[in-house]
Amino acid sequence: MIHRLSLIALLLLASPACAEDLLDWLDDVSRARDSANVSRDAVPQEATLLTLEDGEFEMYPKISPDGRYLLVNSGKRNKAVVSRRLLENGDELNIVTDDVMATGSFAWYGNKQAVFLSERGGDLGIWAEAADSQGAVTRLHRLTGKFIQPVVLHDGSVIAVNLVEKKTPYQQGKPERLSFSNWQTDSAETRLMHIQKSGVANGLAAGINPALSPDGNKVVFSMQVNQSWHLFMMNVDGTELVQLTNDHSTDVQPTWSPDGEWIAFTSNRGDIRMESGSKTNWDIWMIHHDGRNLTRITYDEAKDGGAAIAANGRLYFHSDRKVSIAERDRHETRSSVFGFHIWSLVLPEKVTGRL
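When the letters of the sequence shown are read in order and numbered with this note's numbering, they come out as residues 3 to 357.
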């Protein structure tokens, strides 16, 4: 505490140039401290290929609250759908929707329904459909404006990403491009908005990739700060904003563990301390919700992202890592297997404890 007061006094008395140098030094010290706190003795776990179809891609697995099923963005070439699959083996059960706007916005709504963005009602809205595709499709919310990545809260209100000041004209009905980098948009700014069932919307913070905690009280998301992206956490009403990660890296696509203790996310921070400095290697990392115990989970040279944590102690994610001949034979595929597929691995017990 004494050190902090002394530093504050120095900043107040210093010239603007000196104060800026002091702030830069403090930032470097903070990053060095965070680097020192990275867990380095977690043994890398071997990943198992879960989904593989002839000439098909599979991305962004979403696990049902009861831990039995996956919703997956899948398809061939430029045709994408949302499919429901068994968590245990990745087998496809049915196509939930082929709506062009659903591929970048789908999520579970309880154990039996999926929600997604659609303009099927003539304007943008959030729609709900039975995950087994049986029954009517119902609009939950009408949205006024340009939104992506909606999250339906426990009280029925919504947190969604509002696209502000588009750099190019917005095209209604244009499908969201299936991309590994779903934190990048053609908008000058992205803001998290809390939208009540009445339609009243309140701004919460700048950011993207929101994820709701299992108890429905917190949301973790990514915010751009200069050239880096950091993880932040806040209450669903925007209060108690906390920064979780801090490095010269891109930390995005956060997701919660079922017990609400851990957050998995996509990051290129593994490249930052490499001599090559390419910053193109993307891996899955985890951090405790209090900002401690930062741990690297995957180490492959491919792009790993879109993680989901299951109560069975496994991590599910998409990756474009190389598929072995043995895996191709096991999945009985003969055509192209390039691109992204769903993989899983057992999480180290030292990181998660008992989920």
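From the three backbone atoms N, C-alpha and C, an ideal C-beta is built for every residue, glycine too.
The alpha-carbon of residue 315 is positioned some 10 Å away from that of residue 346.
Comparing alpha-carbon positions, the option among 79, 51, 66 and 298 lying closest to residue 59 turns out to be 79. Of all alpha-carbon atoms in 219, 296 and 257, the one lying nearest the alpha-carbon of residue 271 is that of 296. Here the region 187 to 195 does not lie against the region 126 to 136, with fewer than 3 beta-carbon pairs under 8 Å apart. Residue pairing for residue 210: DSSP places it in a beta bridge opposite 224.
Sixteen is the threshold: since fewer than 16 other Cβ atoms of the shown chains lie within 10 Å of the Cβ of residue 144, the residue is exposed.
Beta-bridge pairing by DSSP links residue 327 to no other residue.
The closest CA to that of residue 118, considering only 95, 96 and 153, is found on 153. If you ignore the 5 residues before and after residue 208, its C-beta comes within less than 6 Å of the C-beta of 193 and 225, all in its own chain and listed in chain order. Measuring C-alpha to C-alpha distances from residue 110 to each of 325, 76 and 65 identifies 65 as the nearest. Counting only residues of its own chain and dropping the five nearest sequence neighbours on each side, residue 239 has no CB closer than 6 Å to any other CB. Looking at the backbone, the Cα of residue 242 and that of residue 206 are separated by about 11 Å. For the beta strand (DSSP E) assignment, the uninterrupted runs of no fewer than 3 residues enclosed by the region 287 to 318 are, from N- to C-terminal side, 306 to 311. With contacts defined by Cβ atoms closer than 8 Å, residue 197 and residue 247 do not form a contacting pair. For residue 85, the uninterrupted beta strand (DSSP E) run begins and ends at 81 to 88, by DSSP. Between residue 252 and residue 269, the CB-CB gap stays under 8 Å. A residue is called buried when at least 16 other Cβ atoms come within 10 angstroms of its Cβ; residue 62 meets this threshold and is buried. Rounded to whole angstroms, the separation of the alpha carbons of residue 219 and residue 98 is 28 Å. Just so you know, the alpha carbons of residue 107 and residue 294 end up roughly 30 Å apart. When C-alpha distances from residue 55 are compared across 352, 353, 349 and 344, the shortest belongs to 344. In this structure, DSSP gives residue 60 an extended state, which the three-state scheme calls strand. Residue 348 is positioned such that its CB atom lies no closer than 8 Å to that of residue 325. Apart from sequence neighbours up to five positions away, the residues of its chain that approach residue 95 with a beta-carbon distance below 8 Å are 71, 85, 86, 87, 88 and 134, ordered along the chain. DSSP places residue 253 inside the beta strand (DSSP E), whose first and last residues are 253 to 258. Residue 82 is positioned such that its CB atom lies no closer than 8 Å to that of residue 91. Separation of the CB atoms of residue 146 and residue 129 is rounded to 16 Å, and the pair is thereby denied contact status at 8 Å.
Closest by C-alpha distance to residue 321, out of 327, 309, 334 and 342, is 342.
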